[in-house]
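J.: To start, I am sharing the structure in question, which I have written as structure tokens.
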Amino acid sequence: MRSLWSRPVAKITAGAALVLFMALLPLLNITIPGIFPGATYTPGTLQLLAYAMLIAALALSYHLLFGLAGMLSFGHALFFAAGAYGLGIVLRNFSPTWMPADVTFIVAILITVLIGFVLAALVGSVSLRVTGISFAMVTLAFAQAGSVVVRRNPGGQTGGEEGLTLDVSQVPDSLVGVLNTRNLYWLALAVLVTVYLVVLWVEKSRAGHVVAATRENELRVRVIGIRPYFVRLLIFSIAGALAALAGAAFLLLQSGVSPRVATPDFTLTLLVIVVLGGVGLRWGAVLGAIVYTLLDQRLTALAGSEFIAGLPDVLRIPLSQPLFILGTLFILVVLFLPGGLAGLTRRSAWPHRPKRGSGERMLETEETI
Amino acid sequence: MSTVVLLLITGLGLGALYFLVASGLSLIYGLMGVLNFAHGSFLTIGAFIGWEVARRLSDGSWWALAAAMITGALVGALVAAATEFFLIRRLYNRHIEQVLVTVGLALASVALFEGIWGTDPTYVTSPSWLGQTTEILGARIPNNRFMLIVVAVLVLVAIVLFLKFTRYGLIIRAGVENRLMVTALGIDVRRAFTLVFAIGGAAAGLGGVLASIYYGYVSAHIGGSLLIFAFIVTVIGGLGSLAGAAIASVLVAVLQQFANFYLGGTGDLAVVLALAAVLLLRPRGLLGAKA
Amino acid sequence: MSTNSSTNLSSNILTVRNLYGRIEGQQVVEDVSFDVPDTGVTALLGRNGVGKTSTIKSILGLIDRTGEVTLGGRRVDRLPTHKVVQLGVGYVPEDREVFGKLTVAENLKLAERSAKPNRALVEKLFPDLVQRQAQLAGTLSGGQQQMVSLARALLNQNRLLLVDEPTKGLSPKIVGEVAQALLIAARTVPILLVEQNLQVIRQLADRVVVLSGGRVVFTGEASELLDHPERIQRFLGVHSGSGQADAAVPA
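As structure tokens, this is what we get:
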């Protein structure tokens, strides 16, 4: 099994087949009761799947930070919010008459991604002066500041607590309205594939190797004359740009954005997703995002069900809180399933659990036999 | 002048709250290297249960308040000690996983609080004197600020005395400096771990009861919002330094009050900027040990 | 090369068999086996970086270890550090590791494991510390810190002392005092000593165990090594004439 999958050709074929299958989904009539709200061609299901794919793209960008570089950031939601709010604000304020509407739209998305990159570079340049736990706290503080700014509604741009509504006049018609959910679904798929490929490229690049090496042993990298700071900053900025891209697509999909996505809690959700899926694995992040989103959606539906309402308080109260269940599940995964969901399938291939050194995660990256 | 006095004393009161959260965070981090995201939940549960007790005794009397404070501290200590014993200890020396567990606990517990006490704030009734004001140098200061300051100072003194004059205090101080060497002297440092969690939890639980007087209500998110500022305080003060946490609590809260008043409600941003400045100039914080 | 020649009739307080040690996944001790008899000083020698300190730390469980370690007939290789120490091990770590923000008195108090610590011995050996008991240990000189570190081990009734480079970086006068203190201690408790200073080794060691590349390459009576310049040259990389076993370490 494993030897087959480790062959690049097989991997690429399987990946392409999966993407193709996902692309065809809106044209098919598949019903999975209990997981999807309806058949796969219905807008409700497509919306949910598109949402899950964008969260997966965001989780992948977080994987660059946490999984690849070992940077425990609590501020990643900031860049997702920058993408969502950024695109909304850019679309509203940027409409040069000399540019065709569609081109303006594309340029607006590019500007948004650039905003994500620059913002991440700024935040990163300060935060990366410290490492480890301090870094986590500092990124959290920046995210909190971002959240405060968004809620404060500066210049009437972010809409404060109400959130921002997408100005559809600047958006191509094919991406507006329930009837076009299918197109938004394909857009989300395209974003996910793009982010996946960029993440793959970064991981295989020299910078990716260096930053993975600093995760394991910073000293060794310093010895060969590389300052980890700049490589980390680069990775941090790229992850910020990718998060902004996912955020921009999120705005289009939801035709609006609420300040919830700027809160530190949203980053915590992201962390839960990545760990749930399996730290250090690209498809672990994707799997975690899909499972989390579907579970969240189904648990919310369950919370409102009559079955739950009929239970005694001791059971009803915890079960009617999806986050309580997800949080508990997360704790159990951390305690008992260090490899996450992805680790479940790989467990048989591991002769023993990866040994953990003090404070540093040691991830098995090399293929044995 | 009166405005400055008002802002200063209110800042001190808020700083007192920050300190009650940050002192535990800093001790726990200093001794164990654990960043405790669940600390806000210790505060919230202390506040909720403290006020449940107060409400059942009598509304608004001093001794009901005292009962609330004692209950809050006890509940905070118990929940914190249990957290250390059942969750953190299993992941000994795996700092990232320890952080993750506390993150999960924070998410789950806040959801649980919402399930039990609802999403709306629960208003609390405290002795009427606390709701009145006292005039100092022309400034009308809400009386509860004085209580916050007094309690926080008492907690600070108590922790300092404990650290200075007890065997476990000695073990904790030594452990903050060099945990491995403490075990190499034949001391089971894990008991000290449970203890710092209990102490931190007690301070947080007490802080929860006081925070609900400051804000006038309890909600499931009261701990989480204070926690973020407590994190900032511990980084600015220097991770693991109790004195640093005390000084930074006051600085951060006063700065926040002044920026809110004079710079158009930008207190939160000013605090984050201060954090950035400290990191650029002195990454280990005001009184932190060399990283 | 003999394995057990020195132990006439006496038994071993410490036996180490097939000990492996790891720091962050890296092997630093590899298949080390040796014995420490229950009297006298056993010197653990070898060039810089061969894993002497790591061997000591593995015995105590301060780093991840596997293998068999027996202390006074009891297996200790699965015990946590504090339990091993409680069985009667005094540890004087490399670089002293005193608690700099604690006073001298607090440093000593922390180390006392029994209700009746041997304060008299410590006060006799290091009168300086009595005068300085209120001083923060971080403000002491290197030599004074070494006294604190030694005192922490000598305060307790131990069955074995693990002493790691006690003379490193000290002036010749202090080196003499440290050696003297160890000589007195060795009358009552067996010592496993890591040391670079050949003079000190000659003065103290009864037996030697030599490590190279994380493994034991020589064990025997001290004289079997120290009276053979070519062995000293081969195992420690120095000429017997020089006082230092390693030129990189200043006296």
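Residue numbers (my numbering), protein chains in the order written: chain A, 13 to 381; chain B, 712 to 1002; chain C, 109 to 359. Heads up, the beta-carbon is just placed ideally off N, CA and C, and yes, glycines get one too.
Please tell me whether C/R260 has its Cβ less than 8 angstroms away from any Cβ of chain B.
T.: Chain B, which has a Cβ nearer than 8 angstroms to the Cβ of C/R260, makes this yes.
J.: Assuming contact is defined by CB atoms lying nearer than 8 angstroms, are A/L306 and A/I67 in contact in what I supplied?
T.: Contact flag unset, no.
J.: The region 127-157 of chain A: which residues have C-beta closer than 7 angstroms to a C-beta of chain B, in chain order?
T.: The region 127-157 of chain A vs chain B, Cβ under 7 angstroms: V138, R141, V142, I145, S146, A148, M149, V150, L152, A153, F154, Q156, A157.
J.: Distance check for C/P145 and C/I121, CA to CA, integer angstroms please.
T.: Each residue's Cα considered, the two are about 6 angstroms apart.
J.: Confirm the yes/no value for this check: CB of B/A895, any heavy atom of the ligand FAD, distance under 7 angstroms.
T.: As far as ligands go, the structure on display features none, and thus does not contain the ligand FAD.
J.: Among B/G975, B/F753, B/F824, which residue has its Cα nearest to the Cα of A/V326?
T.: Out of B/G975, B/F753, B/F824, B/F824 has the C-alpha closest to the C-alpha of A/V326.
J.: Assign B/F876 to one of two classes, buried (16 or more other C-beta atoms within 10 Å of its C-beta) or exposed (fewer than that).
T.: Under this definition B/F876 is an exposed residue.
J.: In chain C, what lies closer than 9 angstroms to B/A885 by C-beta?
T.: What B/A885 touches in chain C: F207, K209, L210, E214, N215, L218.
J.: Do B/A850 and B/V982 have their beta-carbon atoms positioned less than 8 angstroms apart in this structure?
T.: No. Outside cutoff.
J.: Output the boundary residues of the alpha helix (DSSP H) element that contains A/G171.
T.: No alpha helix (DSSP H) contains A/G171, which DSSP labels as neither H nor E.
J.: In the DSSP output, what is B/F759 paired with across the bridge?
T.: Bridge partners of B/F759: none, in fact.
J.: Could you work out which residue in C/R182, C/I299, C/R295, C/T174 is closest to C/Y128 when comparing CA atoms only?
T.: Checking every option, the nearest Cα to that of C/Y128 belongs to C/T174.
J.: Can you confirm whether the region 331-349 of chain A touches the region 95-106 of chain A when touching is taken to mean that 3 or more C-beta pairs between the two stretches lie within less than 8 angstroms?
T.: No contact exists between the region 95-106 of chain A and the region 331-349 of chain A.
J.: Per DSSP, what kind of secondary structure is C/A151 in: helix, strand or coil?
T.: DSSP places C/A151 in strand when its eight states are reduced to three.
J.: When the Cα atoms are used, what is the spatial distance from B/V814 to A/M149?
T.: Rounded to the nearest angstrom, the two C-alpha atoms are 13 angstroms apart.
J.: Since C/R125 is in the beta strand (DSSP E), which residue starts that stretch and which ends it?
T.: Per DSSP, C/R125 belongs to the beta strand (DSSP E) from 120-131.
J.: What residue from A/Y304, A/S181, A/G79, A/L280 has the CA that sits closest to A/N105's CA?
T.: It is A/S181 whose Cα lies nearest to the Cα of A/N105.
J.: If we define contact as Cβ-Cβ less than 8 angstroms, is A/S107 a contact residue for chain B?
T.: Answer no: the Cβ-Cβ gap between A/S107 and chain B never drops below 8 angstroms.
J.: Does DSSP classify C/I299 as helix, strand or coil?
T.: C/I299 falls in the strand class under three-state DSSP.
J.: Out of curiosity, what's the CA-to-CA distance linking C/I292 and B/V745?
T.: Roughly 43 angstroms between the two C-alpha positions.
J.: What are the boundary residues of the alpha helix (DSSP H) that includes C/E214?
T.: Run containing C/E214: 212-219, per the alpha helix (DSSP H) assignment.
J.: With 7 angstroms as the C-beta to C-beta threshold (strictly closer), list the residues of the region 215-247 of chain C near chain B in chain order.
T.: Hits within the stretch, in order: K217, L218, A219, R221.
J.: I need the straight-line Cα distance from A/H221 to A/E215, nearest angstrom please.
T.: Going by the C-alpha atoms only, they are around 7 angstroms apart.
J.: Could you tell me if A/F78 is buried or exposed, where buried requires 16 or more neighbouring beta carbons within 10 angstroms of its beta carbon?
T.: A/F78 should be labelled buried.
J.: With a threshold of 8 angstroms between beta-carbons, can C/V184 be considered close to chain B, or not?
T.: Judged by the 8 angstroms Cβ criterion, C/V184 is not in contact with chain B.
J.: Report buried or exposed for A/V345, applying the criterion of at least 16 other Cβ atoms within 10 angstroms of its Cβ.
T.: When all chains shown are included, A/V345 counts as buried.
J.: For chain A, check one thing: does any of its Cβ atoms lie closer than 8 angstroms to the Cβ of B/E888?
T.: It does not; no Cβ of chain A falls within 8 angstroms.
J.: Please identify the residue among B/Y740, B/P838, B/A957 whose C-alpha is closest to the C-alpha of B/A1032.
T.: Nothing about residue 1032 of chain B can be read from this structure; chain B reaches only from 712 to 1002.
J.: Name the DSSP bridge partner or partners of C/Q134?
T.: DSSP, once it has assigned bridges, lists C/I131 as partnering C/Q134.
J.: When we look at the beta-carbon of A/D308 and count the other beta-carbons within 10 Å, is it buried (16 or more) or exposed?
T.: Burial call: buried.
J.: Pull up the distance between the alpha-carbon of B/V790 and that of B/F753, whole angstroms please.
T.: Using only the alpha carbons, I get a separation of about 7 angstroms.
J.: Does DSSP classify C/N305 as helix, strand or coil?
T.: In this structure, C/N305 counts as strand in the three-state DSSP scheme.
J.: Closer than 8 angstroms by beta-carbon distance: list the chain D residues that pair up with C/Q194, in chain order.
T.: Going by chain labels, chain D is absent from the structure shown, which instead holds the protein chains A, B and C.
J.: DSSP three-state label for C/D139, please.
T.: Correct three-state label for C/D139: strand.
J.: Going by C-alpha distance, which of A/S107, A/A71, A/G136 is nearest A/F248?
T.: Selected option, being the one with the closest Cα: A/G136.
J.: Can you tell me whether A/I42 is buried or exposed, with buried defined as 16 or more other CB within 10 angstroms of its CB?
T.: A/I42 should be labelled exposed.
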